[in-house]
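Peer 1: This is the structure I have questions about; it appears just below.
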Amino acid sequence: MHLHLAYPAVLAALLFCVGLYGVLARRNAILVLMSVELMLNAVNLNLVAFDVWLRDSLHAGQALTLFTIAIAAAEIGIGLAIVLAVYRNRGSSAVDDLRDTAEGPDDDPGDSEAVNETEAADDTDAEAAPAQKAEATA
C-alpha cells in the first residue's frame, strides 16, 4: 500500500499554517516557541514525504530531518532560557512586554530629540570624567 504524496503535503501545509497563525497572533512567548516548533515539524513531514516519494537511495530528506530536529532542540533550549530570564526580570512572558525592554518604557523610536539629549549628556559626562579623576588623585 502506497500513500499518495498529496496527503502528507496537505497535512504539512495545514500544520505550517496553524504554526504561522500561532506566531503572528499569540502574545505569550512560550506559545510562540511552540508554534515555531509546529512549523518545523511541518517542514520535517514534507522532507520525509518527498524522500519516500522520490525513493532517494541516500535518504537525504530523512538525514536533513534529523539535522532539523537537532537544530529545533537547540533552539527551544535557548529560547526557553531566554523566556525564563525575561520572566524572572519582568514577571511576564508576554511578547509585547519584550518590545518595551528593547526600547525602554518611555522611549519613542522616532523621537530624535530624546536621542540628541542623551548624546549631549554623554558628551558632558565624558568631558567631566578626566577632571574628576584629576581631583581624586590630588
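Read left to right, the sequence shown gives residues 6 to 143 (my numbering). Heads up, the beta-carbon is just placed ideally off N, CA and C, and yes, glycines get one too. Predicted model, so just to flag it, every value in this text is computed and none were measured.
1) Is it true that the CB of L69 sits closer than 8 Å to the CB of L177?
2) If we count the other Cβ atoms within 10 Å of its Cβ and call it buried at 16 or more, is L19 buried or exposed?
3) If distances are taken between C-alpha atoms only, which option among L103, V88, V15 and V37 comes closest to L50?
4) According to the neighbour-count rule (16 or more other Cβ atoms, all chains shown, within 10 Å of its Cβ), is G82 buried or exposed?
5) Report back the beta-carbon spacing between R31 and S40 to the nearest angstrom; my notes put them in contact at under 8 Å.
6) So, is G201 buried or exposed, given that buried needs 16 or more other C-beta atoms within 10 angstroms?
7) Near F21, what residues of its chain come up, given a Cβ to Cβ distance below 6 Å and the 5 sequence neighbours on each side ignored?
8) Identify which residue in A11, H7 and I35 has its Cα closest to the Cα of Y92.
9) I'd like to know whether the C-beta atoms of V37 and V23 end up nearer to each other than 8 Å.
10) State yes or no: is the C-beta of A54 within less than 8 Å of the C-beta of L10?
11) Assuming A90 and E42 form a contact by the criterion Cβ under 8 Å, report the distance between their Cβ atoms to the nearest whole angstrom.
Peer 2: Let me lay it out:
1) Because the chain spans 6 through 143 in this model, residue 177 falls outside it and cannot be assessed.
2) exposed
3) V15
4) exposed
5) 6 Å
6) Nothing about residue 201 can be read from this structure; the chain reaches only from 6 to 143.
7) M44 and A47
8) I35
9) no
10) yes
11) The Cβ separation is near 20 Å, so there is no contact.
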